[in-house]
Amino acid sequence: MFIIDPRSSTPIYQQIIEGVKENILKGLIEPGDKMPSVRELAKMMTLNPNTVAKAYQELERQKVIETFRGRGTFVSMEYEAKKDGEKMTELKDIFKKAIVEAYYMGIDKKEIMIMIDEIIKELEGGSK
Amino acid sequence: MISVVGVSKSLGQNKILDDVNLFAKEGAIYGLLGPNGAGKTTLIKNMVGIYTPDEGEIFIDGQKLIDGSSMKEKIAYIPDYQNFYNQFKVKDMVDFYRHTYRDWNEERYQKLKELFSIQDQKKIRQLSKGMKTQLGIHLNLSIMPKVMVMDEPTSGLDPVIRREVLNLIVQEVSLNNTTVLISTHNLGELEQICDHIGMMNKGKVLLETNLDDLKEKVRKIQVAFKGEIPKEIKEHKDLLKIENVGKVYQMVVKEGVEKVMEEIKKYDPILLETIDMSLEEIFIYKMGGEGYEFGDFTF
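Line by line, the protein sequences give chains B and D. With the working numbering as the guide, the letters of the first sequence map in order to residues 1 to 128. With the working numbering as the guide, the letters of the second sequence map in order to residues 1001 to 1299.
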């Protein structure tokens, strides 16, 4: 499903949360799909069940997944995209690195903007 | 649940454990780490009732561990060296366990046989270290333990079996809410399955914490200033270690990374960021802070 790096300083429960969200964004799992149970996921990925349970609790709190007693856990039908502060800083950092690189290659602001426009067009074209 | 309260133990003239306190809650996978000679194995032997503490008490699931306690039946113990009877055949050893432990689960034993392929007719002394460990884990999982105490369980195991063993531990915890305590030097393994860790050195538990919290709290700060680094920062009391390559300084902070970052910001750094640390790095720095450290040794 997704890769967990136990050596990373990002806590494993956080990595699970990000992994699940990423899979939903990519469309690998869709709203209404059944998620593996805590026990199944722990076994599948050799992770501590307490850690998986912690990640599921947080995902539930964020309304990404829902648990129905006796039926299991499902991807929520009503998840709304939210701009989260920490992610924004991360994103800014990624842009920053690319812009520094561009600057040293002699690409100016206008050209960067054109490039971004092109990329967005390409992505939108691909999904339609 | 394992609870160690103020345990001290001397072997001969040496005080191996000095007022040790440790707590592993039910269903936790607790990683015990520390340098060689820290007292991990001695502590473990106290936990499973092989040694009796000189001072202090040990509780397993709320019951005090005493000689002849029926609680011992619910403790699975995987020692660093399996001391089975050498002249026994594997099947005799299995019989021994079958008759000793009242909650022996035959169904589980048979099922695990698919995984561990040790021939019944072999003599114990013909088995390699890894094979003995496999047999130990096989038998101990079949007694339906409430508590599993494992001393270097994966040393000597091949990568395939090691992964299977970790998987068995994880399943055991999620099925039966068993409490597991593992001592190992393989920190990568600990990071993967443990939720709590305890660090020992010189007979004491220095630190006991939730692994997620530890990783979020302990981080390296990377900083550079236009001119010289301010003295207040270089000699800050919370620094565990500071190193530099040219203008860029990397520092490890005891606690309160945010607080130190705020202080650094006052001096207008040209670079300020935090870097992730693995458990291995955290361990080395923590032990360094305790005086367990090797300098930069070069031949």
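Every residue, glycine too, gets a C-beta built ideally from N, C-alpha and C. A quick note: this is a predicted structure, and the numbers were derived from the prediction, not measured.
Thinking residue i and residue j are a contact (beta carbons under 8 Å), I'd like their distance in whole angstroms, please.
i: D/ILE1002; j: D/LEU1181; result: 6 Å
i: D/ILE1143; j: D/TYR1101; result: 4 Å
i: B/ILE17; j: B/ASN23; result: So it is not a contact: roughly 11 Å between Cβ atoms.
i: D/TYR1285; j: D/VAL1252; result: 5 Å
i: D/ASP1340; j: D/ILE1282; result: This structure does not reach residue 1340 of chain D, given that chain D is present from 1001 up to 1299, and the question cannot be answered.
i: B/ILE99; j: B/MET45; result: Between B/MET45 and B/ILE99 the Cβ distance is about 36 Å, and since that is not below 8 Å, they are no contact.
If you follow the alpha helix (DSSP H) that residue i is part of, which residue opens it and which one closes it?
i: D/HIS1138; result: 1129-1141
i: B/GLY19; result: 12-25
i: D/LEU1175; result: 1159-1176
Would you report the Cα separation of residue i and residue j, rounded to the nearest angstrom?
i: D/GLU1255; j: D/LEU1022; result: 21 Å
i: D/ASP1268; j: D/PHE1059; result: 53 Å
i: D/MET1071; j: D/LYS1064; result: 9 Å
i: B/LYS128; j: B/LEU25; result: Note that B/LYS128 scores a pLDDT of 47, beneath 50, so its modelled location is shaky; the value from the coordinates is reported in the next line. Distance between the alpha carbons of B/LYS128 and B/LEU25: 16 Å.
i: D/GLN1171; j: D/ILE1193; result: 11 Å
i: B/THR10; j: D/ASP1103; result: 40 Å
i: D/ILE1169; j: D/TYR1077; result: 13 Å
i: D/LYS1217; j: B/LYS92; result: 23 Å
i: D/GLY1049; j: D/ASP1067; result: 7 Å
i: D/ILE1016; j: D/GLY1288; result: 20 Å
i: D/LYS1234; j: D/ILE1242; result: 8 Å
i: D/LYS1113; j: D/HIS1138; result: 8 Å
i: D/SER1069; j: D/PHE1096; result: 19 Å
i: D/ASN1177; j: D/MET1200; result: 25 Å
i: D/THR1179; j: B/LYS109; result: 59 Å
i: D/ASP1238; j: B/LEU47; result: 34 Å
i: D/TYR1030; j: D/GLY1062; result: 17 Å
Terminal residues of the continuous beta strand (DSSP E) containing residue i?
i: D/GLU1057; result: 1055-1060
i: D/HIS1185; result: Looking at the DSSP string, D/HIS1185 is not in any beta strand (DSSP E), and its letter there is neither H nor E.
i: D/GLY1198; result: 1196-1201
i: D/MET1150; result: 1147-1151
i: D/ASN1244; result: 1239-1245
i: B/PHE68; result: 65-68
i: D/TYR1030; result: 1029-1033
i: D/ILE1331; result: Past the boundaries of the shown model lies residue 1331 of chain D; chain D is included only from 1001 to 1299, so the question cannot be answered.
If you reduce the DSSP assignment to three classes, tell me which class residue i lands in.
i: B/ALA42; result: helix
i: D/GLY1006; result: strand
i: D/GLN1335; result: Given a span of 1001 to 1299 for chain D in the structure shown, any question on residue 1335 of chain D remains unanswerable.
i: D/GLN1371; result: Because chain D in this structure spans residues 1001 to 1299, residue 1371 of chain D falls outside the shown range and cannot be described.
i: B/VAL100; result: helix
i: D/GLN1192; result: helix
i: D/VAL1020; result: strand
i: B/LYS128; result: With a pLDDT of 47 at B/LYS128, under the threshold of 50, the modelled position of this residue cannot be trusted; read the value that follows with caution. Three-state DSSP puts B/LYS128 in coil, outside helix and strand.
i: D/ASN1046; result: helix
i: D/GLN1013; result: coil
i: D/VAL1218; result: coil
i: D/ASP1092; result: helix
i: B/SER8; result: coil
i: B/ALA55; result: helix
i: B/VAL137; result: In the structure as shown, chain B begins at 1 and stops at 128. Residue 137 of chain B is therefore absent and cannot be evaluated.
i: B/LYS34; result: strand
i: D/MET1287; result: helix
i: D/GLN1250; result: strand
i: D/ASN1210; result: strand
i: D/THR1179; result: strand
i: B/ILE62; result: According to the sequence displayed, residue 62 of chain B carries Gln and not Ile. Residue state, collapsed to three classes: coil.
i: D/ILE1233; result: helix
Check your understanding: Relative to chain D, which residues along the region 42-63 of chain B have a C-beta separation below 7 Å, given in chain order?
Key -> Within the region 42-63 of chain B, the residues whose Cβ lies closer than 7 Å to some Cβ of chain D are ALA42, LYS43, THR46, LEU47, ASN48, PRO49, ASN50, THR51, listed in chain order.
Check your understanding: In chain order, what residues of the region 1168-1183 of chain D put their CB closer than 7 Å to some CB of chain B?
Key -> Under the 7 Å Cβ criterion, the region 1168-1183 of chain D contributes VAL1170, GLN1171, VAL1173, SER1174.
Review point. Using Cβ-Cβ distances below 8 Å, what residues of the region 1140-1168 of chain D are close to chain B?
Key: ARG1163, LEU1166, ASN1167
Exercise for review: Mind checking the region 1025-1046 of chain D against chain B and listing, in chain order, the residues whose C-beta falls within less than 8 Å of any C-beta there?
Suggested key: GLY1027, ALA1028, ILE1029
Review point. Closer than 7 Å, Cβ to any Cβ of chain D: which residues of the region 89-107 of chain B, in chain order?
Key: none
Point to revise | Near-chain B residues of the region 1260-1274 of chain D (beta-carbon distance less than 7 Å), N- to C-terminal order | key: none
Point to revise | Interface residues of the region 6-35 of chain B facing chain D [CB-CB below 9 Å] | key: Considering only beta carbons, the part of the region 6-35 of chain B lying closer than 9 Å to chain D consists of PRO6, ARG7, SER8, SER9, THR10, PRO11, ILE12, TYR13, GLN14, in chain order.
Practice item. Using a Cβ-Cβ cut-off of less than 7 Å, give me the residues of the region 1275-1293 of chain D that come near chain C, in sequence order. Key: No chain C is part of this structure, whose protein chains are labelled B and D.
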